[in-house]
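For reference, the structure discussed in these notes is given below.
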Amino acid sequence: MGLKVEKTKIEAVLYTQQLRIEGEVYTPKGTRFTDFMNAEPRYQTRYDFIPVTNSKVYSLSEDKLLYETSFLNVNKNFIVIASPKNLAGV
1 MGLKVEKTKI
11 EAVLYTQQLR
21 IEGEVYTPKG
31 TRFTDFMNAE
41 PRYQTRYDFI
51 PVTNSKVYSL
61 SEDKLLYETS
71 FLNVNKNFIV
81 IASPKNLAGV
């Protein structure tokens, strides 16, 4: 029997060098988005991948929707900008 961690859904925008990813990121309840992104590995998965649900992936060079998926793991090491969507102006 595992421990259930209460989470908060945040609509987020993540930028890599070539992509803009929009979707839902879940943070531990009471944790700010910035703190979650800067968190030590105990708050992240083993390999520092961030799960993103209901995601849309866009090309930065053409601002074109490349694909949509219900689940995507994004490597934290490739994210150059991350923001809650309501603050990103997208």
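Numbering-wise (the numbering used here), the sequence shown opens with residue 1 and increments by one. C-beta atoms are modelled at their ideal positions from N, C-alpha and C, and glycine is treated no differently.
Asked	Found
The segment 29 to 36 in contact with the segment 56 to 65 per 3-pair CB rule at 8 angstroms	no
Inter-residue Cα distance where the pair is residue 9 and residue 23	10 angstroms
7 angstroms Cβ cutoff met for residue 5 and residue 28	yes
Rounded straight-line distance, which links the Cα of residue 73 to that of residue 49	6 angstroms
7 angstroms Cβ cutoff met for residue 85 and residue 11	yes
Cα-Cα separation, residue 30 to residue 3	17 angstroms
Beta carbon of residue 81 nearer than 7 angstroms to that of residue 26	no
Separation of residue 54 from residue 68, as counted between CA atoms	7 angstroms
Residue span of the beta strand (DSSP E) that contains residue 69, given as start and end	64 to 75
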